[in-house]
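Protein chains in written order, with my numbering: chain A, 148 to 741; chain U, 1202 to 1393; chain D, 433 to 697; chain H, 47 to 282. What follows is a short report on a single structure.
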Amino acid sequence: MLDASAPVVHQHAPPTSFIRKWVFSVDHKVIGKQYYGLALISVFLGMILSWLMRFHLVWTNAAIPGLQLISKNGAPGGVMTPEYYLSLLTMHGTLMVFFVLTNAPFAGFGNYFLPIQVGAEDMAFPRFNMMSFWVTFVAFVVLIAAFFIPDGPPISGWTAYAPLSAVGRDAGPGLAWGQTLWAISIGLFCVGQLLGSLNFIATTLDLRTKGMTLSRLPISTWAWFITSCIGLLAFAVLLPACVLLILDRVAGTSFFIPAGLVISDHLQPHAGGSPLLWQHLFWFFGHPEVYIAIVPAVGIVSHILMASMRKPLLSVKVVYSSMIAIGFLSYMVWGHHMFLSGMNPFSGLVFSFPTLVITIPATIITMIWIGSVYGANLRFHTPCLFSLGFISVFVAGGVSGFFLAQPSLDIQLHGTYFVVGHFHMVMGVAAIFGILAGSYFWFPKMTGRMMNDTLGRLHFWITFIGVYCIFMPFHYLGLAGNVRRYSSFVDDYLQPLLPLHKFITIAAFITGAAQFIFLYNLIYSRFKGAPAPANPWDATSLEWSTTSPPPFDNFGGRHVVVYHGPNEYGVSGAHGDFIMQDSSEPGPEPVPGD
Amino acid sequence: MSTIALQTDRGVRPAAQNAPALSGIWVAIAAITMAFAAFTSSLIIRQGSGDDWRHLALPGVLYLNTVVLLASSLTLEIARRKDAANLASTRSWLYLTFALGILFLAGQILAWYQLRGQGLYLATSPNSSFFYVFTVMHALHVLGGLAGFVYAIRRTLSPSSWRTTTLDAAATYWHFLAGLWVYLLLVLRMRL
Amino acid sequence: MGKLLAVVLVLIAVGSAIPILMHTWWMPEDISTHGHMIDRQMSETMAESGIAFVAAQLVLAAFVAMFGDKKDGRKAKHLPGGAKLVVIAAIALVGTEVLALGVFGKDAWAEVYFRKPVADAIPIQVQAEQFGFYFRYAGPDGKFGPMHPEKIDEGSQNFFGLDPEHDVESRDDIVSASLVIPMNKEISLMMHAKDVGHSFYVRELRIQQDFVPGLDIPMHFTATKAGKYEIVCTQLCGLGHYNMRAFLEVKSPEEFDQWLKQQSQ
Amino acid sequence: MQVVKVCTTLVAALSIAAIVTAAPGGGTVTGKVTYTGTPVKPKPIDMSKEPSCVKQHATPEMTETVVTGPGNTLENVVVYISAGAPAESNASSAATFDQKGCHYQPHVLAFEVNQELKITNSDQTSHNIHPLAKVNQEWNKSQPPGTPPLTAKYEKPEFISVKCNIHPWMHGYFAVLGTSHYAVSDGSGEFKLPNLPPGKYTLTAWQESYGTQTQEVTISGNETKTVNFTFTAKPY
């Protein structure tokens, strides 16, 4: 069935009609921008949701003017109801994890730059590529539709634990149609990602240009390739899970619903299902998903760091070997999300070990980065700042993993804000920093104009300090036993923690506001920015040896030939301290580790 | 897949742009295998979790369908071995394969009707649920394969656009579906 | 710019560490017999991770300060020892840490999950539901009456679906909205979920365990300090999740027996 | 001119008065609802999870599935005309259902099909109102403190059990009736159905645990008839 897409890329001519050019385009560059745009919409939507939640948490009974216009049931008189808080929580998580952290660094930048970096004119299966975006787009629409149905969006969180997510309206508002829409949306999203991963893998394997050996692939391409291998297997498991969930919800089957449940005085007509089955399927996807979000960021940051440090990493091979190790291990650790889920306690220890071991490759990568900064000639442009900031937050989020990897500490920390702090730091903030670094780095190539560096730095400083003010305290709250996913804090022991929550909320408002600087910078620079040269950062990989923005076939009919590795920085080249991959000048002795 | 990678490692741009189709097929096969592995482990966990596991007699027609599907694999292989010289017979073999594929689907639908006849619906018991899930999911992939054939046959209409890898890819996928079906049949037979 | 970034990194490292060192927000005092193991483990992990975190930030700061703001042309240097050193260091440091945590960490886990409750532990059934906890004591006959889901009727406080009309064991069962237990006596909880997933969390007890519908999960602990503590739900269970709580009252054995008497009449 | 105005208003006033006095004409059914046997004894409700509600009750609230009065009488029994009366509706005001001290007031609220239902929250905590309707459309909405009253309507007659999931002990009933002739028995088990036009009626009494009973009654003129209901109570 794959043949259905004509892979003869250099045969299709640039489309002329608006629809074929910008809407249903098969050009990987347009599709990449479409993914990036979708992620941009999602991330600001998700951020505004988090603002509403933070506001509600500290001013629980205060009215949010105008909210009742958005949802009459969700916010009578503007005061958010508990179920509406949970709806926002679910949508925030789903939007951020799926439509931002998966779409932007992987599908977005990957689509745009993977083919160029390997020297291809397009992806292996351009039509599948187009399908993959539009399926994802439909998934997005279906998800957002949940806001506009009477019951509102689901309230079961982005993990949609069964049976809460499976039993339907008895268990609460939003669990009727809202949850079904959610399941359909995620199912579609899986299809889109599978098509995407397929393209990434085939393109990397088969469309590399002359001289582009695997070891000459830029680190970012390595990251996207590894990510697509992870994603291929992860989403292939989430899809069946969604199918079974939908059947339980609409067809009356009992995959996840056991017998004898009495929900709102109503004895459920199900028997024999296993709630743990959902958790196993979901986390078998869910944990790799963390790496689907972070590995591309690791690649992007490594890629940018070398261009900013004007020297290669101590060893690029070690970095991508570690990424492969992480990807491999990520399939053996899903159980650490279920230490307290009533699994056989022995499996707790079994899952704990690989979880702790996975920190080794992560530490190696981090130490390689930090070690590489030694002796660098840092150029502090905005992409560089965000890359260095990435290292900092990646470490901050990583170390808290040590706690949660241990079942005995999970007894105290599971289900508290410590977990929230952990994954927001390491998966959310870190990945977002990777995305922002990539945005500032590649914007010139994608649009032909430079972004405003002053605004960029301002954006960086507020964001960098802001995220620490928001997410570090989460860990403290967790240590004090502050339970997550509460729409307000009624427990006596939580009252002393409210001031800290106020602080976090204020920090969140400021940091969030700073993101609009970025948005303004994007839009302003797109039209008014200084014209970008072909290679503004003196970088080496192939995307910089074509025009900004690249022509429809990426290299203007030229068949690029690659003579050098991607990391030839800090050498004496024709144009300065670097040698571009496709320049025929003689290269120096191979860089250590490559 | 690896062979192709090696070939390009020598720096030679693949001549036939169909090479991706072949490795793409293998990637797809990996994903599909993963999905059905997930379904299978769900079945095993589900069987252990409830005491409502009721044995279910598989409709006899399934075995007939198995034969049909395997036969279609055979005819496809014959078609594939033909060279560009005698496209006509290649095409006729492909048509036959296509017809057998349709026949297989018809047989599956018959099997579903037989089960309904016994009052076994999707939600009747975990066993019937899994039966329908497995067979329907497989049938969907067969449909995809048939769509591939339409394309492959179109490609074989003229010697100019004749590409063996197109057919190779379609064949690889089709044989995989046959193998997958045999596996599913065994699972259903042993577990349900 | 490099200096500035370095300063900010140092401030972040120090600023994050202070509340930890001062225990400004920390676990409450432990009132269980097994908790001290978890606390020790927590402190050790905190020390190791904390040092790793601060060290990483400071080294990064130092390098950024040293090698930032240089103009091009200077030959790029490499870290003495290069990648090999880094990899070995990482594996050595983290490897030992992992082993240490993995090995010593399992004691607390084993105490909570591998050890069977003692023979004379007080059996108590806890049912989690949207949105509250209800507790059942076997009563004088020491037997729990069977549960009949179809009989559940919260309007008449029949949360467990008991049928005293037909089941003799049910008649003397004591149902309470608070978990009242004697000090220094092991409690063996049977955890039952009535509708969806919930969780049982008492931070002072260092106990947290999910309720899984369809599974009855055993749990045991011993409280060592009298007082009133909060039991909260930590598994998202629906709109009332935030308000799903009950109180744990640890009493002296005498007070406990007295309380039981009151309840049974 | 003035005189004419005055006269017309006078006439108008008189005619209105006449109509008003004529309308309520008709008989009345009164009676008592009692029980035989031993009913379940009310259990105290532990609200400790919601301190703000505990404060509002000097003595703990009791379960209200069976509320008895002096002389084996039953409170909260809905008595209504289930057949014979024209299905006219003269519900002018809204039926109000209040949540106070984590307790529904009243425990059983009878109102008419398509009559406006107004739900208020007098507590300092959020409640979710979850009427478990089967014939009518089910819904489930939270009401944070200080938010405007919820309003709803029901199209079809039904006895709807109402619960608050956040406070599992909170249970009440909506008696949605197709007639305007209904009453809920008071603390002494008494009820009164006034303004019945002459005719033959079926009278139904409904108790949440004991179900329904019916009796025939014929009203002629302005007479007052007494109809008593007796339920048999079970200790469990």
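Beta carbons are placed, not taken as given, at the ideal position from N, Cα and C, and that holds for glycine. From a predicted model like this one, the values you see are computed outputs, not experimental measurements.
Would you decide whether residue i is buried or exposed? Buried here means 16 or more other CB atoms lie within 10 Å of its CB.
| i | result |
| --- | --- |
| residue 527 (chain A) | buried |
| residue 163 (chain A) | exposed |
| residue 480 (chain D) | buried |
| residue 560 (chain D) | buried |
| residue 499 (chain D) | buried |
| residue 559 (chain A) | buried |
| residue 1391 (chain U) | exposed |
| residue 450 (chain D) | exposed |
| residue 1252 (chain U) | exposed |
| residue 169 (chain A) | exposed |
| residue 82 (chain H) | exposed |
Among the options, which has the Cα closest to the Cα of residue i?
| i | options | result |
| --- | --- | --- |
| residue 579 (chain A) | A:243, A:202 and A:167 | A:243 |
| residue 202 (chain A) | A:719, A:648, A:708 and A:702 | A:648 |
| residue 1323 (chain U) | A:485, A:252, A:398 and A:346 | A:398 |
| residue 528 (chain D) | D:515, D:574, D:477 and D:465 | D:477 |
| residue 112 (chain H) | H:102, H:232 and H:164 | H:232 |
| residue 666 (chain D) | A:620, A:642 and A:557 | A:557 |
| residue 1327 (chain U) | U:1270, U:1249 and U:1282 | U:1249 |
| residue 586 (chain D) | H:198, H:208 and H:196 | H:208 |
| residue 664 (chain D) | D:641, D:649 and D:464 | D:641 |
| residue 389 (chain A) | A:350, A:482 and A:309 | A:309 |
| residue 331 (chain A) | A:301, A:316 and A:353 | A:301 |
Under the DSSP definition of a beta bridge, which residues are partnered with residue i?
| i | result |
| --- | --- |
| residue 309 (chain H) | Residue 309 (chain H) falls outside the range modelled here, since chain H spans only 47 to 282, and no answer is possible. |
| residue 246 (chain H) | H:264 |
| residue 650 (chain D) | D:622 |
| residue 641 (chain D) | D:632 |
| residue 662 (chain D) | D:679 |
| residue 257 (chain H) | H:253 |
| residue 608 (chain D) | D:567 |
| residue 30 (chain H) | An answer regarding residue 30 (chain H) cannot be provided, because it is not within the stretch 47 to 282 covered by chain H. |
Check this for me: beta carbons of residue i and residue j, under 7 Å apart or not?
| i | j | result |
| --- | --- | --- |
| residue 449 (chain A) | residue 437 (chain A) | no |
| residue 717 (chain A) | residue 357 (chain A) | no |
| residue 652 (chain D) | residue 643 (chain D) | no |
| residue 350 (chain A) | residue 277 (chain A) | no |
| residue 402 (chain A) | residue 420 (chain A) | yes |
Do you know offhand how far residue i's Cα is from residue j's?
| i | j | result |
| --- | --- | --- |
| residue 274 (chain H) | residue 108 (chain H) | 26 Å |
| residue 97 (chain H) | residue 610 (chain D) | 13 Å |
| residue 693 (chain A) | residue 722 (chain A) | 15 Å |
| residue 1211 (chain U) | residue 428 (chain A) | Caution applies to residue 1211 (chain U), whose pLDDT of 31 falls short of 50 and renders its modelled position unreliable; the value that the coordinates give is listed next. The alpha-carbon atoms of residue 1211 (chain U) and residue 428 (chain A) are separated by roughly 41 Å. |
| residue 327 (chain A) | residue 186 (chain A) | 23 Å |
| residue 411 (chain A) | residue 373 (chain A) | 46 Å |
| residue 570 (chain A) | residue 544 (chain A) | 7 Å |
| residue 245 (chain H) | residue 178 (chain H) | 35 Å |
| residue 660 (chain A) | residue 621 (chain A) | 20 Å |
| residue 727 (chain A) | residue 719 (chain A) | 11 Å |
| residue 333 (chain A) | residue 286 (chain A) | 7 Å |
| residue 501 (chain A) | residue 550 (chain A) | 14 Å |
| residue 564 (chain A) | residue 1375 (chain U) | 50 Å |
| residue 1206 (chain U) | residue 348 (chain A) | Note that residue 1206 (chain U) has pLDDT 35, beneath the 50 cutoff, so the model's placement of it is unreliable and the number below is only indicative. Roughly 11 Å between the two C-alpha positions. |
| residue 556 (chain D) | residue 690 (chain D) | 17 Å |
| residue 566 (chain D) | residue 548 (chain D) | 24 Å |
So which residues of chain E does residue i contact, with C-beta pairs closer than 8 Å?
| i | result |
| --- | --- |
| residue 596 (chain D) | Annotation note: the requested chain E is absent from the structure, which comprises protein chains A, U, D and H. |
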